[in-house]
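Top to bottom, those sequences are chains B and H.
Just so you know, we're using my numbering here: the first sequence kicks off at 188 and counts up by one.
Just so you know, we're using my numbering here: the second sequence kicks off at 188 and counts up by one.
Where a beta carbon is used, it is the ideal one built from N, C-alpha and C, also for glycine.
There are 2 protein chains.
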Amino acid sequence: MHKLNVLVAQYPNQEAVFRIIPSRVEAALARAAPSMPPVEFAWCATDDPAFGERVAAADAMIGFRFPTEHIASPGSALKLIQVAAAGIEHLLPLDWLPRSIALATASGVHAPKIREWATMVFLMLHSRMPHFVSAQRAHAWSKAYSSHIAGRSALIVGTGGIGGAIAAAARSLRLRTTGVRRNVRPTRHFDTVIGLDALDGAVAEADFIVLAMPLTPSTRHIMNADRFKRMKPEAGFANFGRGGLVDQDALRAALLAGTLSGAIIDVTDPEPLPSDSPLWDAPRLIITPHLSCDDPESYVPRTLDLFLDNIRRCMDGRPIRNRVVRSRAY
Amino acid sequence: MHKLNVLVAQYPNQEAVFRIIPSRVEAALARAAPSMPPVEFAWCATDDPAFGERVAAADAMIGFRFPTEHIASPGSALKLIQVAAAGIEHLLPLDWLPRSIALATASGVHAPKIREWATMVFLMLHSRMPHFVSAQRAHAWSKAYSSHIAGRSALIVGTGGIGGAIAAAARSLRLRTTGVRRNVRPTRHFDTVIGLDALDGAVAEADFIVLAMPLTPSTRHIMNADRFKRMKPEAGFANFGRGGLVDQDALRAALLAGTLSGAIIDVTDPEPLPSDSPLWDAPRLIITPHLSCDDPESYVPRTLDLFLDNIRRCMDGRPIRNRVVRSRAY
């Protein structure tokens with residue numbers, strides 16, 4: 188039987204927590220056996236001059252950042268690219284992607300970690316932690332009481348792997364959950380699902396607004412000055428998606444004006460946030476450095492399990508999990 | 188039937204959230220009926236020249252701060268003093284308290300709110316939120332990963348109403364819980380219970396150390412330089428009790444030296460923390476202004492329910508709930 192050639196595209200300076208190393212691959216193969224066909228893993232740096240050739244010789248590839256100009260080449264065997272991230276905005280537009288190659292995201296891999304992080308973020312927004320952190324900077328003992336969180340409402344924009352995990356966290360805190368999705372239909376963990384056309388009204392009603400959707404040309408700055416102004420002054424905002432979903436100047440202006448009570452954002456535009464950005468000192472804003480979804484123990488193992496499953500699906504002619512739909516760009 | 192005279196001792200500048208106002212008393216009486224004997228509530232400011240007389244004429248009193256020199260007076264009818272707080276360190280020593288008067292705390296009233304706050308604090312310490320808040324002040328994008336919280340260990344010093352609620356929160360996050368109490372015996376919500384003599388060893392093992400005990404002469408500075416040095420460098424610390432339980436200079440030195448990963452404290456010594464205190468700027472420390480236990484919606488109602496129950500117990504000759512034991516000073 189032909190051994191499948193699998194290439195790991197390694198980009199320079201990747202953080203250890205995300206590295207797909209041989210020991211993790213071996214462990215994933217052991218978990219996947221015995222139903223796993225024979226595969227041969229190889230590694231290549233994305234800045235290696237031979238990278239294009241190595242891609243063309245592979246049946247499947249896993250990576251995060253890679254030079255897309257090398258993907259479509261005559262006689263290439265490549266059938267599957269597994270992106271080791273939930274978002275692929277750094278690979279857009281997808282004009283480099285041949286129709287013969289399935290591109291898959293790691294959507295869902297983050298769910299267990301994000302659920303824990305989201306529980307914390309809801310409780311922090313509810314308990315006015317952004318206010319206390321700002322008051323502490325000013326050496327001010329400034330009370331702000333909160334009651335129980337149960338019964339408040341969470342508006343979660345995006346109902347995919349991450350949005351669903353956030354909604355599960357919200358429900359375990361006995362929040363009411365409203366999800367925003369393109370195709371409105373009943374969705375697990377959500378009490379109500381609405382379309383993007385109903386977003387303005389929902390923003391004005393919610394106690395917590397959380398972004399958890401892909402960044403595409405149509406979602407860029409979905410939270411803009413107008414929408415921040417619509418928020419209730421006691422409401423809190425969080426971004427688990429991508430920095431570009433938010434007009435950061437508008438967020439800062441809204442915090443300065445007090446049209447919302449506080450915000451906790453895990454993503455910024457750009458990243459890392461430059462040290463001279465005025466966002467660092469915006470009042471009642473807590474910034475974490477894009478790791479709300481990243482569990483150092485489980486992230487790579489779960490991504491590899493997904494990748495191996497997708498390799499099997501590819502071979503069997505079954506649908507690929509998390510396959511990117513070109514027209515919606517995620 | 189003789190109507191019981193109940194006095195509400197109001198101290199000046201009390202925050203609205205803690206005020207025992209007629210509408211709240213009426214609501215509590217309605218909840219307690221029909222088993223409640225007739226009572227007559229009256230109000231008196233603690234700085235009123237007639238305060239001493241009013242106390243002597245009352246059968247029961249509820250208050251937080253009051254002049255203790257007026258309590259023991261010849262011919263006084265007073266049998267019960269309900270303190271509207273879990274801690275009575277501001278009333279120590281108890282040399283002013285006649286043996287004929289039962290003094291009760293509001294221990295347990297805070298449990299539902301504290302459970303929510305403790306869940307947040309455990310997740311914040313685990314997720315390195317004190318680190319991120321410090322990094323943000325320095326405009327630094329500084330990653331620090333965390334995995335799942337389940338399986339970590341929480342050492343909770345104090346197993347009373349607040350400590351028990353913290354342990355319940357810890358258990359719901361699937362932490363292992365160790366409680367420290369004077370009389371070592373199996374205690375609800377705790378996997379293990381140890382005595383104060385075993386504290387040094389336990390401090391060195393715990394992932395989270397939480398203080399939730401009364402401040403008495405024997406617990407003052409229970410967390411001192413030596414104990415902070417014993418902590419694991421990745422461990423987090425929280426104080427839900429009283430500021431005086433912690434040697435604050437030692438806490439600051441430990442944070443500067445990195446012998447613990449971060450701290451979240453809801454209480455300081457003194458309170459409010461003076462604006463020139465160096466504690467405000469200690470690294471990886473989050474300070475909240477003594478409200479972790481205070482639910483503006485339920486605090487006074489639950490305290491009044493306890494008080495009315497204690498009045499009934501007093502009349503029936505049954506044991507008072509939360510009666511302060513003079514020898515242990517809480």
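Have a look at the options and flag the residue whose alpha-carbon is nearest the alpha-carbon of residue i.
i         : options                                    : result
B/Gly-366 : B/Ile-349, B/Arg-513, B/Ser-359            : B/Ile-349
H/Gly-351 : H/Lys-330, H/Phe-238, H/Val-380            : H/Val-380
H/Thr-374 : H/Ile-353, H/Ala-389, H/Gln-201            : H/Ile-353
B/His-477 : B/Glu-458, B/Leu-191, B/Ala-469, B/Leu-466 : B/Glu-458
H/Arg-339 : H/Ser-263, H/Ala-237, H/Gly-423            : H/Gly-423
B/Leu-267 : B/Asp-282, B/Ala-273, B/Gln-201, B/Leu-194 : B/Leu-194
H/Gln-323 : B/Ile-275, B/Thr-455, B/Leu-493, B/Leu-491 : B/Thr-455
B/Ser-514 : B/Ala-215, B/Val-344, B/Thr-403, B/Ser-263 : B/Thr-403
H/His-297 : B/Gly-428, B/Ser-334, B/Gly-430, B/Ala-441 : B/Ser-334
B/Tyr-332 : B/Ala-341, B/Gly-345, B/Trp-304, B/Leu-312 : B/Leu-312
H/Arg-489 : H/Gln-269, H/Ala-243, H/Leu-265            : H/Gln-269
B/Val-511 : B/Gly-347, B/Ala-355, B/Ser-359, B/Ala-450 : B/Gly-347
B/Pro-209 : B/Ser-222, B/Ile-507, B/Ala-196, B/Phe-228 : B/Phe-228
H/Val-226 : H/Asn-509, H/Ile-498, H/Ala-385            : H/Ile-498
B/Pro-285 : B/Ala-214, B/Thr-255, B/Arg-206, B/Ser-314 : B/Thr-255
B/Met-307 : B/Cys-501, B/Pro-461, B/Ile-451            : B/Ile-451
B/Gly-504 : B/Asp-235, B/Ser-287, B/Glu-213            : B/Ser-287
B/Ala-196 : B/Ile-249, B/Ala-237, B/Leu-216, B/Pro-236 : B/Ile-249
B/Phe-494 : B/Asp-384, B/Ser-314, B/Ala-247, B/Gly-388 : B/Ala-247
Quick one: what's residue i bridged to in DSSP?
i         : result
H/Phe-415 : Per DSSP, none; premise fails for H/Phe-415.
B/His-364 : Before going further, note that residue 364 of chain B is Thr rather than His in the sequence given. B/Thr-364 pairs with B/Ala-341.
B/Ala-450 : B/Phe-424, B/Leu-472
B/Asn-192 : B/Glu-227
H/Phe-395 : H/Ala-341, H/Gly-423
B/Thr-379 : B/Thr-365
B/Arg-286 : Partner(s): none; B/Arg-286 has no beta bridge.
Can you grab the Cα-Cα spacing for the pair residue i / residue j, in whole Å?
i         : j         : result
H/Arg-271 : H/Cys-231 : Per the sequence shown, residue 271 of chain H should be read as Ala rather than Arg. Looking at the two C-alpha atoms, the distance is approximately 15 Å.
B/Thr-539 : H/Met-316 : A query on residue 539 of chain B cannot be resolved here, the shown segment of chain B reaching from 188 to 517 and no further.
B/Ala-337 : B/His-257 : 52 Å
B/Asp-463 : H/His-326 : 8 Å
H/Asp-434 : H/Glu-392 : 21 Å
H/Val-390 : H/Met-418 : 6 Å
H/Pro-465 : H/Asn-426 : 18 Å
H/Arg-439 : H/Leu-191 : 51 Å
B/Pro-420 : B/Leu-443 : 12 Å
H/Ala-289 : H/Ser-263 : 13 Å
B/Arg-211 : B/Pro-224 : 18 Å
B/Val-242 : B/Asp-282 : 18 Å
B/Phe-415 : B/Leu-362 : 21 Å
B/Asp-468 : B/His-408 : 21 Å
B/Leu-386 : B/Phe-309 : 20 Å
H/Arg-369 : H/Asp-413 : 21 Å
H/Leu-460 : B/Trp-328 : 7 Å
B/Ile-396 : H/Leu-279 : 47 Å
H/Ala-220 : H/Ala-214 : 10 Å
H/Gln-201 : B/Arg-302 : 39 Å
B/Leu-360 : B/Cys-501 : 40 Å
B/Thr-388 : B/Pro-506 : The sequence given here places Gly at residue 388 of chain B; Thr does not occur at that position. So the alpha carbons of these two residues sit roughly 37 Å apart.
B/Ile-207 : B/Asp-453 : 24 Å
For residue i, collect the residues of the same chain with a Cβ closer than 7 Å to its Cβ; drop the 5 residues on either side in sequence, then sort them by chain order.
i         : result
B/Val-204 : Asp-481, Pro-483, Tyr-486
B/Arg-218 : Asp-492
H/Thr-406 : Met-400, Leu-432
B/Val-320 : Ile-473
B/Arg-252 : Tyr-198, Thr-233, His-277
H/Asn-411 : Asp-434, Ala-437
B/Gly-239 : His-257, Ser-260
B/Thr-364 : Ala-341, Ile-343, Ala-354, Ala-357, Arg-358, His-376, Phe-377, Asp-378
B/Thr-446 : Phe-415, Lys-416, Met-418, Pro-420
B/Asp-496 : Arg-508
Starting from the C-beta of residue i, find all residues in its chain whose C-beta is less than 8 Å away, skip the five residues before and the five after it, and write them out in chain order.
i         : result
B/Lys-300 : Ser-479, Cys-480, Asp-481, Asp-482, Ser-485, Tyr-486
B/Gly-274 : Thr-292, Pro-401, Leu-402, Gly-428, Arg-429, Tyr-517
H/Ser-294 : Ala-273, Gly-347, Gly-348, Ile-349, Asn-509
H/Asp-235 : Arg-241
Looking only at its chain, what residues have a beta carbon closer than 6 Å to the beta carbon of residue i, apart from the 5 residues adjacent to it on each side?
i         : result
B/Val-371 : Val-380, Gly-382
H/Arg-471 : Pro-317, His-318, Ser-321, Leu-442, Gly-449
H/Leu-398 : Val-344, Asn-426, Gly-428, Leu-432
H/Ala-305 : Ile-353, Ala-356
At 8 Å on the CB atoms, spell out the chain C contacts of residue i, in chain order.
i         : result
H/Ser-334 : The structure shown contains no chain C; the protein chains it does contain are B and H.
Runs of beta strand (DSSP E) wholly within the segment 207-281 of chain H (minimum 3 residues, chain order): Fully enclosed beta strand (DSSP E) runs of no fewer than 3 residues occupy 226-232, 247-250, 267-270 of the segment 207-281 of chain H, in order along the chain.
Starting from the N-terminal side, write out each stretch of the alpha helix (DSSP H) that is 4 residues or longer and does not extend beyond the segment 304-339 of chain B. 316-324, all fully within the segment 304-339 of chain B.
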